[in-house]
Amino acid sequence: MTDDQPVNTKDEIFIKGARVHNLKNVSVGIPRNKLVVVTGVSGSGKSSLTMDTLYAEGQRRYAESLSSYARQFLMRMNKPDVDYIKGICPAIAIEQKVITRTPRSTVGSMTEIYDYLRLLFARIGKTYSPISGQPVKKHEVSDVVDFIKKLPTGTKVQLLVTFRRHAKREVKEELQILMQKGFTRLYAKDKLLRIEELLEEKKPAVGKDAYLLVDRLVVKDFEEDDLHRIADSVQTAFYESEGDCLVEVDGGEMKHFSNRFELDGLQFEEPVPNLFSFNNPYGACPVCEGFGQVLGIDADLVIPDKRLSVFEGAIAPWRGEKMGEYKDALIKVARKFNFPVHKPITDLTDEQVQLLWTGNEHFYGLNEFFKMVEQNLYKVQYRVLQSRYRGRTLCPECNGGRLRKEALYIKINDTNIANLVELPIEDLNRWFNNLQLNEYDQQVGKRILIEIHHRLKTLLDVGLSYLTLNRLANTLSGGESQRIQLTRSLGSNLTNSMYILDEPSIGLHARDTHRLIGVMKELRDLGNTVVVVEHDEQMMEEADYIIDMGPLASHLGGEVIFAGNYQEILKDSKSLTGKYLSGHLTIEPPAHTRKWKKAITLEGCKQNNLKNIDVDFPLQVLTVVSGVSGSGKTTLIKQILYPAMMKLKGEFAERVGQHRALKGAVDDITQVEMIDQNPIGKSSRSNPVTYIKAYDEIRDLYSKQPMSKMRGFQPKHFSFNVDGGRCDTCKGEGEVIVEMQFLADVHLVCETCGGKRFKEEVLEVTYRGKSIYDVLSMSVEESLEFFKEEKDVCNKIRPLGDVGLGYIKLGQSSDTLSGGEAQRVKLASFLGKGKAQGHIMFIFDEPTTGLHFHDIKKLLASFNALIDQGHTVLVIEHNMDVIKSADWVIDLGPEGGAGGGKLLYAGLPEGLKKVKESYTGKYL
1 MTDDQPVNTK DEIFIKGARV HNLKNVSVGI PRNKLVVVTG VSGSGKSSLT
51 MDTLYAEGQR RYAESLSSYA RQFLMRMNKP DVDYIKGICP AIAIEQKVIT
101 RTPRSTVGSM TEIYDYLRLL FARIGKTYSP ISGQPVKKHE VSDVVDFIKK
151 LPTGTKVQLL VTFRRHAKRE VKEELQILMQ KGFTRLYAKD KLLRIEELLE
201 EKKPAVGKDA YLLVDRLVVK DFEEDDLHRI ADSVQTAFYE SEGDCLVEVD
251 GGEMKHFSNR FELDGLQFEE PVPNLFSFNN PYGACPVCEG FGQVLGIDAD
301 LVIPDKRLSV FEGAIAPWRG EKMGEYKDAL IKVARKFNFP VHKPITDLTD
351 EQVQLLWTGN EHFYGLNEFF KMVEQNLYKV QYRVLQSRYR GRTLCPECNG
401 GRLRKEALYI KINDTNIANL VELPIEDLNR WFNNLQLNEY DQQVGKRILI
451 EIHHRLKTLL DVGLSYLTLN RLANTLSGGE SQRIQLTRSL GSNLTNSMYI
501 LDEPSIGLHA RDTHRLIGVM KELRDLGNTV VVVEHDEQMM EEADYIIDMG
551 PLASHLGGEV IFAGNYQEIL KDSKSLTGKY LSGHLTIEPP AHTRKWKKAI
601 TLEGCKQNNL KNIDVDFPLQ VLTVVSGVSG SGKTTLIKQI LYPAMMKLKG
651 EFAERVGQHR ALKGAVDDIT QVEMIDQNPI GKSSRSNPVT YIKAYDEIRD
701 LYSKQPMSKM RGFQPKHFSF NVDGGRCDTC KGEGEVIVEM QFLADVHLVC
751 ETCGGKRFKE EVLEVTYRGK SIYDVLSMSV EESLEFFKEE KDVCNKIRPL
801 GDVGLGYIKL GQSSDTLSGG EAQRVKLASF LGKGKAQGHI MFIFDEPTTG
851 LHFHDIKKLL ASFNALIDQG HTVLVIEHNM DVIKSADWVI DLGPEGGAGG
901 GKLLYAGLPE GLKKVKESYT GKYL
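Position 667 (the sequence shown) corresponds to 667 in the UniProt record's numbering; numbering is contiguous.
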C-alpha cells in the first residue's frame, strides 16, 4: 500500500511502519468487522504483527485512558515500535496457554456457566428432606391470610401460639411480661383465661397445653383494613413463638403454620448463590474445604497392580507374615458369600471391590484395617505402614462434589447441582432442553436460562462436547483452554472490539474446525473484528481477508507478501501459502511405507472412556494416533503407555492408567522420551543454544582466539552463568530488576554492560569480526552461514534449522518461546546427539502446533532422521499431512467423551479411508 493513499479508518485498521522484532517497516490495512486470517511460515512475523504490535497498542491505549490511580497497578506498557496505527478498537487476545494452575478453577467457573447454575438453583431450586423426600416449605404471612380467607363465611377463627416459659422465669413473671406486651387472654382446655385474673392468684395454675390468644375473628368479606389487621396478628404470632402460628377453626381443627425452614426435625439452609460455591466457606464442604480431595488412604497405592487377584497378593498392605493374617482370614471365609479370590481385581464388579473396603460380618475390610493402624500410630512400624499408603483421595464427606451436603438437598427436576456438573456438556445441554418448569419458575429463571443455553451451545460448537463442568482447568490442553476462553468472550456479547486469536484450531479434529469457524463468524457478526493467526486450510477458505507474511522466516521474513481474499491468494506466485493451497507445492506421502517386525502391545485399556481395547505400537516406524477431540488419544498415550513404559524402565512416572498388560518387544527400547509443549526452561537464563549443548563449542572457539590467549581467557569467561567474564552488575542477565514495594517489578537494561551481559574486555574478543554478544543475537539461519567453516559448531546448531526453527535467536530466552517452539527445540536436542544412545521411543503431542505447510515438510524429515537412527516415533496428531505420511495409523473414536474410546482402525493410512465410522478417514 503506498503512502499517499488516503486511509479510510472507518472500514479498516491501518498499521504504518511496524518494526517490532523482524518486521521490516510493514504497512498494512486490516478490514474492520471481518474475519481476517494472518498466515505465513513459522517465524515470518505473524505474532509480531498481531500480538506484539496490534494487541500491545490496543492494550496500551486502553491503559492510557484509565485514571492515574488505576494505571499504577498495571504493568508499564511500552509503545510498540510502529509509526502509527489508525482506527484501532479495544483489543482482546486469546492465547493458547493453559492459564491456570490452581486446583480450584474448573471448566464451569472458567466459562461462567457454573455461576449461572448457582444463581438458577438459588432462585428456583426446591429443597427436599433427605429423610422423607418431601419438599421443605416455609409459610409466609400471606399463606395464613389466604387460608383464613378461603374459610366459609361466619366461621370463628382464633390465632394462637403455644404458651412457653422461658428459662429461669416463674409463670407469674412470664404473664407480667405478656401483659406489658399488650396480650390479655390465654386459651386452655376450650376456655379463655384472663391474664389479669391469673396474676391475682398466688401460684397461677397454667397447664402444659395452654396457648396465648393473639387474635379472634369471624370470617366475612374482608375489607382492606381487616386484612391488614389479620396480617399484623399473624406476624405477631410468628414473632412471639419464634416461627409457629396455630389457627383454630370453630373450636375444632388446629392448623399449624411455621415460617422456619425445617422438616423431619432438620433445619435447612435457605438457597442463596454462595451456598453452591465451593470457593466460599459458606458453601464449601467442611472436610475438604471445596477441593474435593483430602489426604487419606489412596486406593491405588493399596491395590497397585489390578491384574493380580486377592489370592496372589493384590492388596499390598496384606502381604508378609503378620499382616497376611487379614488376607488369609478373607480367603478362608470367601466361599460363604461367593467372593472370587482368584479373579484379578480388574474383573471384579464395583460391589465386590467395595466389599474389600467395607468388609462384612465374616471378615474385616480395608477400612477396619486402616482404623486399627491409626489406633497403633504410637508404634513406629505402624506409622511407616500408614505413610506408605497415604495420598490424595476423594473426600468421604462430599464424594468429590466439593459442596456441603445442605446444598445437595436443593434440586431442580430431582437433580442437584453436583449431578449436573458431572454430566458431559452434550448431556447437560440435553437436560436443559428437556427442562419442564412451571410458569412462575419459568419467569424467574428466564434470563439465567438464556445465558446458560448460549454458553452451552458455544461449547458444543467449539468441539468441547465431551468435557464436564467439574473438569479441572489445569488438566486441559492448550487448545482446549483457548476454546473455553473463546466461549467466555462470546458469552459477554461485546461489540466493536478486536479479538486476536492464536491458532484456535490446535488440538481440534478437522470435523470440528468448521464449527469453530461458525463461532468466529458469530463473533464477527456481532460487529467485531476477528484476527486469527492460523495455518489451517479450512480457516483460510472461509476467511474474509488473508494476510500472508514471509517470504521465509526470521531475517528473511517480516514482510507482507500478500493481502486479499482466498481466490486471489491461489493465483499469487510470490506467496508460499498460496502455492500450497493451490496444489503447486504439496507434502507428498512417502513412496513406500516401512514394514515393521516388532511391536509393543497394550491389552485391556479401560482408563477414562477407553472401552477395554488392545493396541499394537510398532517399533522403528512413524506411528500416528488420530481421532476426534476427546476420543481417548491422550488417555491411551499419556496416561497408560508412557507411565507404564517409564515404570518398566525403573524411572519415576505418574500413576499408570487402568490396563491389563503391557507385552511385546519392551526390552528393545532403552528409553522413552515424551516431547510435549511444556517450556524447556523456567529461568530467563535458559535458551536454545545452551539447551542443545552448542554453546560449549562456541565458547571453546572464542577461547582459542589470539586475543583470548593473550588475556588468559578460558571457555568459562564466555559464559553468562558463572563469574569471570560476565558483567558483575547484572550477573549476566543483561537487565537489572528493581523491586517496587507495592507494584510490579521493573526490568531496566543494565547500565554497566548496556544489556550485553559481558564485561568490556570479553566483548573485545572477536571471531570474524563478531563478539560473543553478536553471536547470541544471531538467528539460527544466520549463525549457520557465519560458522560454516566450524564443522563442530554447525553440526550442533543445524538440527534447530532442520525442525523449522531457523528464525529463533541463539540467545533468545526460553520463556519467550511458544509451546510448539519449545517442543521442537527438544526434538532438535535429540537430533543433535547422533546414533550413540540405543533405541529411544519418542512420543510427540501435536508437534505441528504453529507450523506452516512448508515447515511440516521439515518436521517430517526430522522424524525420518530419527527413525533412520533406529528410533521409534509415536505422534498424537490431527494434521492430515502428517497422518498420510505415517507408516501406521491408530484411529480412535468415533465420537468424543462417552461415545469414543473404541479402536476404529489400526493399519496403513490408505486403509483408513474405507472405515465408515471414522471422521479422520473422511477427511483423508
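All residues carry an ideal CB built from backbone N, CA and C; glycine is no exception.
Residue environment, residue i, which counts as buried when at least 16 other CB atoms sit within 10 Å
i, result
"T111", "buried"
"A70", "exposed"
"M1", "With a pLDDT of 47 at M1, under the threshold of 50, the modelled position of this residue cannot be trusted; read the value that follows with caution. Exposed: under 16 other Cβ atoms inside 10 Å."
"N433", "exposed"
"V218", "exposed"
"Y905", "buried"
"T39", "buried"
"D4", "Only weak support is given to the placement of D4: the predicted model assigns it a pLDDT of 47, under 50, and the value that follows is read from those uncertain coordinates. Under this definition D4 is an exposed residue."
"E170", "exposed"
"Y919", "buried"
"F337", "exposed"
"D221", "exposed"
"residue 932", "Residue 932 falls outside the range modelled here, since the chain spans only 1 to 924, and no answer is possible."
"I177", "exposed"
"S42", "buried"
Rounded C-alpha distance that separates residue i from residue j
i, j, result
"L437", "S505", "38 Å"
"P80", "K46", "15 Å"
"Y691", "G491", "42 Å"
"T577", "Y566", "11 Å"
"G125", "I425", "21 Å"
"T236", "N413", "36 Å"
"L657", "V672", "Reading the sequence as shown, one finds Gly at residue 657 and not Leu. For G657 and V672, the distance between alpha carbons rounds to 17 Å."
"F652", "M646", "7 Å"
"F763", "R60", "According to the sequence displayed, residue 763 carries Leu and not Phe. Using only the alpha carbons, I get a separation of about 36 Å."
"L924", "H453", "34 Å"
"P909", "L460", "29 Å"
"E325", "A299", "20 Å"
"G290", "F278", "5 Å"
"V594", "D667", "Checking the displayed sequence, the identity of residue 594 turns out to be Arg instead of Val. Taking the straight line joining both Cα atoms gives about 21 Å."
"I500", "G479", "15 Å"
"A91", "G243", "56 Å"
"N470", "I797", "45 Å"
Proximity winner among the options, relative to residue i (alpha-carbon distances)
i, options, result
"E312", "D300, I331, L301", "I331"
"S309", "P204, P281, L581, K343", "K343"
"R123", "G108, Y55, R447", "R447"
"D815", "N687, T849, E697", "N687"
"G734", "L263, C750, Y364, S631", "C750"
"L423", "R455, Y466, Y382", "Y466"
"L23", "G558, L120, E603, L460", "G558"
"D802", "K138, S703, I856, L476", "I856"
"D250", "G154, L301, K168, D328", "G154"
"K709", "R402, V765, V689", "V765"
"N721", "G811, G283, R402, T513", "G811"
C-beta atoms of residue i and residue j nearer than 8 Å
i, j, result
"F261", "I417", "no"
"I637", "L428", "no"
"D548", "I561", "yes"
"G725", "F713", "yes"
"I30", "E12", "yes"
"R19", "G87", "no"
"M540", "V37", "yes"
"F786", "I772", "no"
"I297", "F370", "yes"
"R483", "L464", "yes"
"L805", "A828", "yes"
"T106", "Y116", "no"
Beta-carbon separation (whole angstroms), residue i vs residue j, contact threshold 8 Å
i, j, result
"V628", "D887", "Going by Cβ atoms, the distance from V628 to D887 rounds to 22 Å, so no, they are not a contact pair."
"G664", "I600", "4 Å"
"S575", "E877", "With a Cβ gap of about 25 Å, S575 and E877 do not count as contacting."
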